[in-house]
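Peer 1: Let me give you the structure first, and then I'll get to my questions.
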Amino acid sequence: MSKLGFTRAEFPEGFAFGTATSAYQIEGVKFGGCGESHWDTFAATPGNVERAEDGWIACDHYNRWEEDLDLIRDAGFDAYRFSTSWARVMPDGESVNGEALDFYDRLVDGMLARGIRPFATLYHWDLPSALADKGGWTNRDVAAWFADYSRTVMARIGDRVEATATINEPWCVAWLSHFMGIHAPGLRDIRAAARAMHHVLLAHGTATQALRAEGIDNIGIVTNLEGSDPVDDRPETLAAHARNHAIYNEWFLSAVFKGEYPEAALEGLEPHLPTGWQEDFATIQAPVDWLGINYYSRHRIVNAGGPWPQIGYADAVEETTAFGWEVTPHHLTNFLLWASREYSGDLPIHITENGMAGHDYLLDGEVPDPQRIKYLRDHFAAAKAAMDQGAPLAGYFVWSLLDNYEWAHGYDKRFGLVHVDFDTLERTPKASWHAMKEALKSG
Ligand code: IFM
């Protein structure tokens, strides 16, 4: 048995073992005529990002992509989930940067040349500043802007991409960024949040329809689902827990697959939704071919009091990662079963992200990361348990290939299977990369 506790033979033929990254986190916006995004200005504002770090150089993937694809191939991965940058492709939000399309064209060809199956994500958070100036996700027009950008990218690479996701983690795009103020644009406003919660779905549906009209298929959306448990069974705690689950997990799945929003979220958000929001479900429900689930951890929920939604987080009680996130693999099993039973039915599900941040360090040319190996072993087992109970799991992408820019936390939260020295940009595979290689070699 491999260190990761699984062999390929335990998974169906064609199962996509993959790894994932995103453009802003690795490429380096300094290169290739990339335009400014709301993450550049958010990071340049004191107090938003640790050490005010940004994606200027990041992992220099824009120049080192061949070495990075070699690392994916050499580990034995079947698939690579990457994202295209909106601000790189449309630096001013409108006109197209040919260099950007050339780059993604080379990248996709580089994957195919190495036998790696390309899984593209169109939005992983790099909104052009020119569109942020017009209100970004709070402006209904974002749906048409996003469809236009999606068409432009897929006209160039859509013929060779196996699967396409519209939006990565709509909860982060909308709630974390417009209600909690933790990600760009850093708003803390319930009206802005409600509009972003709706427009991100409208953008997903509008782009899905636009891509289909151009003959692109195998389209999905990537939701991040977070486990939660109420700290006690007092009615006010249970109500806060239900609201958290509705806003975090149910809102997006319910809209895409059922054409409705959950009551526990509508009770606070409905007054702030744009007029006529119900009519948009016809677009939001544009059929998808697969569902992506990103899963990492859970929160213990308390009632924080104060204004709606009164969601508060209690201290962790389980083992935690370097991020302070609790390690709770059983929630992954539950989510895979719940999402297919309640929403996506027989559609294939991909675990589009799963992984952990560690206090990883380079020692004599090696990077020992035993906690990550155990984390992955337990989560692969949790995924397998869901499959054994009928969940239609078709792929599993480890987050992330490389240590990279972890948004508001800058560069010191290391999620990579491969260590990156951010002074020299040298890559060193960690013990977990070697463990993946061993498992993927197994019959
Ligand atoms: O790094 C992020 C990624 O961009 C989106 N999903 C969660 C990861 C870890 O926080």
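The working numbering applies: residue 14 is where the sequence shown begins, and numbers increase by one.
All C-beta atoms, glycine included, are put in the ideal place defined by N, C-alpha and C.
1. May I ask whether a heavy atom of ligand 1 can be found less than 6 angstroms away from the beta carbon of GLU366?
2. From what residue to what residue does the alpha helix (DSSP H) around THR365 run?
3. Using 6 angstroms as the cut-off, classify the Cβ of SER445 as near or not near the heavy atoms of ligand 1, replying yes or no.
4. Taking the beta carbon of GLN402 as the centre, do at least 16 other beta carbons fall within 10 Å, making it buried, or is it exposed?
5. Output yes or no for whether 7 angstroms exceeds the beta carbon distance between ILE306 and ILE364.
6. Measure how close the beta-carbons of GLY106 and ALA71 come, nearest whole angstrom, since I'm counting them as under 8 angstroms.
7. Can you tell me the Cβ-Cβ gap for GLU263 and PRO275, rounded? I've got them flagged as a contact below 8 angstroms.
8. Does GLY149 come out as helix, strand or coil in the three-state DSSP assignment?
9. Taking only runs that begin and end inside the stretch 48 to 74, name each unbroken alpha helix (DSSP H) of 4 or more residues, in chain order.
10. Say the cut is 6 angstroms; is the CB of SER35 nearer than that to a heavy atom of ligand 1?
11. For the stretch 238 to 301, list the alpha helix (DSSP H) runs that are entirely contained and at least 4 residues long, ordered along the chain.
12. Taking all protein chains shown into account, decide if VAL330 is buried (16 or more other Cβ within 10 angstroms of its Cβ) or exposed.
13. Are the CB atoms of TYR75 and THR97 nearer to each other than 7 angstroms?
14. What residue from ASP373, HIS212, GLN298 and ASP391 has the CA that sits closest to ALA335's CA?
15. What whole-angstrom Cβ distance do VAL235 and GLU182 have, given they're in contact under 8 angstroms?
16. Classify VAL330 as helix, strand or coil using the three-state DSSP reduction.
17. How should HIS343 be labelled, buried or exposed, when 16 other C-beta atoms within 10 angstroms of its C-beta is the threshold for buried?
18. So is SER108 buried or exposed if we call it buried at 16+ other beta carbons inside 10 Å?
19. Counting pairs of beta carbons, one from the stretch 181 to 199 and one from the stretch 136 to 154, are three or more of them closer than 8 angstroms?
Peer 2: Straight from the coordinates:
1. Indeed, a heavy atom of ligand 1 lies less than 6 angstroms from the Cβ.
2. In this chain, THR365 is not harboured by any alpha helix (DSSP H); it is covered by the beta strand (DSSP E) spanning 362 to 367.
3. Set against 6 angstroms, the gap from the CB of SER445 to the closest heavy atom of ligand 1 is not smaller.
4. With fewer than 16 other Cβ atoms within 10 Å, it is exposed.
5. ILE306 places its beta carbon less than 7 angstroms from that of ILE364.
6. Not quite, the Cβ-Cβ distance comes to about 21 angstroms (not below 8 angstroms), so this is no contact.
7. In this structure GLU263 is in contact with PRO275, their Cβ atoms being roughly 4 angstroms apart against a cut-off of 8 angstroms.
8. In the structure shown, GLY149 sits in a helix (DSSP, three-state: H, G or I).
9. Within the stretch 48 to 74, the runs of alpha helix (DSSP H) at least 4 residues long that lie entirely inside it are, in chain order, 51 to 56.
10. Answer for SER35: yes, Cβ within range of ligand 1.
11. Fully enclosed alpha helix (DSSP H) runs of 4 or longer: 248 to 258, 264 to 271, 276 to 282 and 294 to 297.
12. Looking at its Cβ environment, which holds fewer than 16 other Cβ atoms inside 10 Å, VAL330 is exposed.
13. Their beta carbons are not under 7 angstroms apart, which means TYR75 does not touch THR97 by this criterion.
14. Residue nearest to ALA335 within the set ASP373, HIS212, GLN298 and ASP391 is ASP373 (criterion: CA-CA distance).
15. Under the criterion of beta carbons closer than 8 angstroms, VAL235 and GLU182 qualify as touching, at roughly 6 angstroms.
16. Here VAL330 carries a coil assignment [DSSP, helix/strand/coil].
17. With fewer than 16 Cβ atoms within 10 Å of its Cβ, HIS343 is classed as exposed.
18. Exposed: under 16 other Cβ atoms inside 10 Å.
19. With a cut-off of 8 angstroms, the stretch 136 to 154 and the stretch 181 to 199 count as touching, because enough Cβ pairs lie within range.
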